[in-house]
Structures are given as C-alpha cells and as structure tokens.
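Encoded as structure tokens, the structure appears first; notes follow it.
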Amino acid sequence: MVFSSMLFLWLFFPIVIGGNFLLGLLPLTNEKKICVKNIFLLVASLAFYAWGGIYYVFIMVGSILLNYTAGRILEEKCSSKGQRKMTVAIAVVLNLLLLFYFKYFNMFILVIEAITEEGSSLHSIIAHMSRMTRTGAILVKEVVLPIGISFFTFQSMSYVIDVYRGKAPLQKNILYFGLYVALFPQLIAGPIVKYNEVAKDINERKESLELFFSGQKRFAYGLAKKVLLANTFGKASVLIWSLDFNSLGPAMAWFGIFVYALQIYYDFSGYSDMAIGIGRMLGFHFQENFNYPFTATSIRDLWRRWHISLNTWFTEYVYIPLGGNRKGKVRTYINLLLVFLLTGMWHGANFTFIAWGMYHGILLVLERLWFGKILDKNPVKPLNVIWVFFNFCVSLVFFRADNFADAKFYLGQMFSHSEAKYSFATVLNMELIVALIFGVLFCGVVQRPLAKIWKRAAQNRAVQVLDVTLQLVLVAYSIFVLVCGSFNPFLYFRF
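Going by our numbering, the sequence shown opens with residue 199, and the numbers climb by one from there.
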C-alpha cells in the first residue's frame with residue numbers, strides 16, 4: 199500500500215486518523231488512552247504492511263521478537279561487560295544475517311554460479327556479474343525481497359545498540375516496541391527513526407491541533423511533490439531509459455539522468471514529507487530527512503542534506519565506532535570508503551550500487567585531501583552547486599542502471615559526440631515542461647534565499663488562508679491525477 203493510492207487516501211488513512219481521534223475521547227486516564235492508541239496503531243501498521251503480503255508480516259514479527267528479547271537480556275540478564283558485548287554482538291549478527299538472506303542471497307548465488315560455471319574464465323565471470331545474469335547452474339529459487347526490510351532492520355539494530363550503550367531506555371512492553379518498529383508512516387521508506395527519538399512519543403505523547411495542522415500541511419505538500427512532480431519526471435525517465443542507448447546522443451542522455459535526479463528527489467523527499475506529516479497528525483515527531491540537497495556546495499554538504507537519517511545512522515553506528523577521524527588521515531579515508539561501500543550495499547544487491555557508493559566515497563576522500571579547500575575558498579558558490587549536482591547525476595547512472603553493462607553504455611553516451619537518433623519531441627510535452635519549471639525552482643532554489651522572508655510572511659492571516667487554500671487545491675488535483683493515471687511507483691520501496 200502506498201500513500202498516494204486511493205485505498206490509502208480514502209480508506210486506510212481516514213480510519214486510522216478517525217480511530218485515533220475517537221480513542222482519545224474514551225473516559226480513561228491519559229496513560230491508558232496511550233496504551234489503547236498504541237495497540238490500535240500497531241494493529242493498523244501490521245495490516246498496512248500485510249497488504250504487500252502476509253508472509254512479510256511474519257518476518258517483521260520475527261525481527262521484533264529478536265530485538266525485543268535482546269534488549270531485555272542486555273538489561274536484565276547480563277551481569278558483566280563481557281556478557282553484554284556478547285549479547286549485542288549476537289543480536290547484530292542475527293539482524294545482518296536476516297538482511298543478507300533476503301537482500302543479498304540472490305546476488306551471492308549469481309556470483310557462485312559465475313565462478314563455478316564449467317569452462318569459466320575471468321572474462322566470463324566478469325561478464326555475468328556486469329550483466330547480473332544467473333546461469334541457472336544452481337537450482338535455487340530467487341528470494342523475494344520484503345518491502346522496507348533495510349529500514350526496519352536498521353531501526354531494530356539501533357535500539358539494541360543504544361540500549362547496550364545506555365543511550366536508549368529499555369522498552370519492557372513488547373507491543374510498544376512492536377509499534378516502534380512497525381509504525382506505518384516511516385515503515386517502508388523511512389526516515390530511519392532511532393528509539394531514543396520517539397520513546398517519549400510512544401509512552402506519553404501529547405497531540406494538539408497545532409501539531410495536527412502542521413502535519414496536514416506537510417502531508418499535502420508531500421503528496422503534491424510525489425504525484426505532480428515525481429510521477430511526471432518518472433514517466434519521462436522511464437521513456438528515455440527504454441530507448442536504444444547507442445542512439446541517445448549526449449543531450450538526451452544528460453536530460454534522461456537530469457529528470458531521473460528530479461524524480462528520485464521529489465519521490466523520496468515527498469514520501470518523507472508525508473511520513474513526517476502523518477506522524478505529526480498522530481502525535482509523533484520524526485526527524486527531517488532532506489534539506490534541499492541540490493543546493494549543496496560540496497559532497498560533504500550533500501550528505502548532510504540527502505537522506506539525513508541514513509547518513510546519521512552510518513555515522514553513529516559505523517563511522518564513529520571505526521574511529522571516525524580520530525586515528526589519523528589514512529584511517530579516516532579508509533573509514534569513509536568503508537562507510538560508503540556499506541551505504542551502496544544497503545541500497546541493493548547489485549554491483550552498480552557498490553559503484554555508486556564508492557563514487558561518493560572517493561569524492562569525499564578527495565575533498566578531505568585537498569579539493570574541499572578549493573570548494574570552500576571558491577567565492578562563486580553557484581559553481582560549487584553545479585559541480586556537486588554534476589557528480590550526483592553521474593553517480594545516479596549506476597544507481598538507475600540495472601547492471602554495469604547498461605551503466606557503461608549510458609555513460610558512454612553522456613560523454614560522447616555521437617549523433618542522436620531521438621529528438622526532444624519524443625519526450626517533451628506541456629506537463630513535463632511545467633513540472634520542470636516548478637521542479638527546478640522548488641528544489642531549494644527559491645526556498646533557501648527566501649526562508650526568512652517566508653517565515654515573517656507566514657504570520658500574516660491572509661498568507662495563512664492562501665496557504666491552506668493551496669494545500670486543498672494541491673490535494674484535490676493530486677487525487678484527480680491519481681484517478682486519471684496509472685503511473686505511481688515509489689522508488690525507495692525496493693530498499
């Protein structure tokens with residue numbers, strides 16, 4: 199079930215919001231109201247997840263039981279530091295094994311088949327891996343990837359690690375812990391929420407009209423970003439990537455990756471906006487996940503603004519434990535490369551994702567070495583922004599391509615002088631042109647310079663009325679577009 203579906207907008211969401219409101223009217227103490235609401239939201243969240251397949255729910259419940267038990271053992275059964283270390287290590291390994299099996303098992307079998315194929319050579323092995331094609335030599339069925347497993351596994355692991363570190367309180371109520379893992383707004387595409395960030399909300403949250411309307415606004419704009427912008431860019435991207443790569447020409451190839459960059463930004467940030475908005479309407483506070491990344495002036499700045507919750511997770515649970523930048527320059531560079539290798543692997547079981555991660559890791563090392571100083575001293579910051587976006591687009595070729603072979607052909611066209619077989623008339627239409635104008639303007643180009651002006655203007659009653667009217671119009675038009683169309687993917691569901 200996706201947020202931008204008729205089932206969610208007209209049935210599931212109203213039932214959850216209405217049910218949560220009605221439960222708040224029960225003649226109970228606040229503590230008991232929270233308990234009843236938590237059980238209601240847990241059941242609703244499991245139903246939300248089960249829509250993708252009942253089988254997936256059992257996997258999630260298994261993850262909940264594993265990490266809840268690990269937390270209880272850490273706090274109640276471990277009497278020594280050694281026992282605590284052993285318990286947290288076992289919990290982390292079991293979580294990673296679960297993630298490996300469902301996310302990387304197919305890739306593992308592909309590699310084994312390529313290596314063990316009769317008469318295989320280094321060239322044939324590399325060819326199989328670059329095309330991500332199995333030989334069929336090992337008669338093992340492909341494992342189906344459960345939606346959102348990367349997100350809820352990382353959330354569960356962070357809870358156990360933080361309980362071990364003393365940074366998160368133990369949750370003794372398994373239903374409350376289950377709600378933390380399964381809460382539907384951020385369940386399948388983030389943001390990745392750490393337990394200590396929402397523990398208070400789970401146990402004693404306070405809902406208010408101000409928070410509700412703030413969430414409503416965030417959801418409305420997020421829905422518009424997803425439906426009116428991301429979907430429009432997505433249709434153009436799919437069309438271009440379905441063409442013959444050898445005949446694209448550099449202009450069409452660059453345009454194809456440009457609209458894909460806009461698609462993935464508005465798709466994922468739109469989902470995050472809706473998740474944060476729904477959370478607020480239910481009394482939860484989720485951290486921001488995007489902060490206008492296309493206005494970044496360095497790759498370091500980009501990763502402070504893009505998928506913030508993932509970057510924060512890897513920083514806190516991988517980079518810093520490895521030593522961060524505290525053990526010398528060489529070790530810092532190795533740590534950065536390792537973190538972005540793992541970041542690429544987290545996104546998917548494909549060598550293209552590893553290449554994408556390493557591309558960013560190498561750029562970050564170069565900035566640490568010397569290039570960052572040039573960027574910092576450059577007085578013409580728009581040139582920095584262009585440089586960052588250029589590299590972001592190049593890296594996205596690996597992110598978008600199904601395999602290395604496709605990435606090679608596509609990159610070849612981007613940096614070639616070949617003649618194009620296709621004209622822009624193949625792709626451009628009025629809907630896309632309008633979306634491009636709004637997409638470029640509102641990816642931070644307008645908002646950041648005018649942030650202070652807008653903050654003052656937002657206090658004006660007329661501006662507030664206009665804002666609410668715009669929200670209603672955007673939601674109504676988004677629903678109209680959804681009813682009339684069928685193209686409505688969410689890119690990050692596969693992670």
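A virtual CB, placed ideally from N, CA and C, is assigned to each residue, including glycine.
{"Query": "Give a yes or no on whether the C-beta atoms belonging to E486 and I506 are separated by under 8 angstroms.", "Result": "yes"}
{"Query": "Give a yes or no on contact between the segment 489 to 501 and the segment 622 to 631, applying the rule of three or more CB pairs nearer than 8 angstroms.", "Result": "no"}
{"Query": "Roughly how many angstroms separate the alpha carbons of Y286 and P344, rounded to a whole number?", "Result": "Note on identity: in this sequence residue 286 is Val, with Tyr being the wrong assignment. Roughly 24 angstroms separates the two Cα atoms."}
{"Query": "Assuming L695 and A380 form a contact by the criterion Cβ under 8 angstroms, report the distance between their Cβ atoms to the nearest whole angstrom.", "Result": "Residue numbering for the chain in the displayed model covers 199 to 693; residue 695 lies beyond these limits and cannot be assessed."}
{"Query": "Determine the extent of the alpha helix (DSSP H) in which K571 is found, giving its start and end residues.", "Result": "G570 to K575"}
{"Query": "Using the three-state DSSP reduction, which class does S203 fall into: helix, strand or coil?", "Result": "coil"}
{"Query": "Pairs of beta-carbons, one from the segment 600 to 618 and one from the segment 416 to 427, closer than 8 angstroms: are there three or more?", "Result": "no"}
{"Query": "As an exercise, report each continuous beta strand (DSSP E) stretch of at least 3 residues that is fully enclosed by the segment 476 to 538, in chain order.", "Result": "none"}
{"Query": "Between the segment 392 to 404 and the segment 436 to 453, are three or more C-beta pairs nearer than 8 angstroms?", "Result": "no"}
{"Query": "Taking all protein chains shown into account, decide if D360 is buried (16 or more other Cβ within 10 angstroms of its Cβ) or exposed.", "Result": "buried"}
{"Query": "Cα separation between V516 and W504?", "Result": "18 angstroms"}
{"Query": "Take V290 and list the residues in its own chain whose beta-carbon comes closer than 8 angstroms to its own, dropping the five residues that flank it on each side.", "Result": "M355, V358 and I359"}
{"Query": "What residue range does the alpha helix (DSSP H) around K339 cover?", "Result": "Per DSSP, K339 belongs to no alpha helix (DSSP H) and is neither H nor E."}
{"Query": "Alpha carbon to alpha carbon, what distance is there between I336 and V342?", "Result": "17 angstroms"}
{"Query": "How long is the line joining the alpha carbons of A674 and Y374, rounded to whole angstroms?", "Result": "35 angstroms"}
{"Query": "So, under 8 angstroms CB-CB, R498 and E565 are touching, yes? Tell me the CB distance rounded to an integer number of Å.", "Result": "6 angstroms"}
{"Query": "Does the segment 527 to 535 come close enough to the segment 550 to 570 to have 3 or more Cβ pairs within less than 8 angstroms?", "Result": "yes"}
{"Query": "Would you kindly work out how many angstroms separate the C-alpha atoms of I474 and L207, rounded to a whole number?", "Result": "16 angstroms"}
{"Query": "Go ahead and label R659 buried or exposed: buried means 16 or more other beta carbons lie within 10 angstroms of its beta carbon, across all protein chains shown.", "Result": "exposed"}
{"Query": "Based on Cα-Cα distance, which residue from F300, S614 and Q662 lies nearest to K339?", "Result": "F300"}
{"Query": "Assuming V255 contacts A248 (C-beta within less than 8 angstroms), just tell me the rounded distance between them.", "Result": "5 angstroms"}
{"Query": "What does a CB cutoff of less than 6 angstroms around F303 pick up in its chain, not counting 5 residues either side in sequence?", "Result": "V341"}
{"Query": "Are there 16 or more other CB atoms within 10 angstroms of the CB of D465, so buried, or fewer, so exposed?", "Result": "buried"}
{"Query": "Report the option in L295, K231 and P448 whose CA atom is closest to the CA atom of F607.", "Result": "P448"}
{"Query": "Let me make sure I understand the geometry here. Which of L609, G683, Y620 and E273 has the alpha-carbon closest to that of M450?", "Result": "Y620"}
{"Query": "Considering only residues of the segment 535 to 616, which uninterrupted alpha helix (DSSP H) runs meet the minimum length of 4 residues and lie entirely inside it, listed in chain order?", "Result": "549 to 564, 570 to 575, 579 to 598 and 602 to 612"}
{"Query": "Would you kindly check if the distance between the Cβ of I400 and the Cβ of L377 is under 8 angstroms?", "Result": "yes"}
{"Query": "In the segment 647 to 691, which residue ranges form an unbroken alpha helix (DSSP H) of at least 4 residues, counting only runs that do not cross its ends?", "Result": "649 to 655 and 659 to 682"}
{"Query": "May I ask you to report which of helix, strand or coil DSSP gives Y464?", "Result": "helix"}
{"Query": "By alpha-carbon positions, which one of N371, I310, L385 and L221 ends up nearest to F694?", "Result": "Absent from the structure is residue 694, since the part of the chain shown begins at 199 and ends at 693."}
{"Query": "By Cβ distance below 8 angstroms, which residues in the same chain neighbour K370 in space, the five residues on each side in sequence not counted?", "Result": "R270"}
{"Query": "Tell me, to the nearest whole angstrom, how far the beta carbon of F685 is from that of K283; I am working on the premise that it is less than 8 angstroms.", "Result": "Going by Cβ atoms, the distance from F685 to K283 rounds to 50 angstroms, so no, they are not a contact pair."}
{"Query": "Starting from P212 and walking both ways along the alpha helix (DSSP H), at which residues does that stretch end?", "Result": "F211 to L221"}
{"Query": "Taking DSSP as the reference, what is the three-state secondary structure of D442?", "Result": "coil"}
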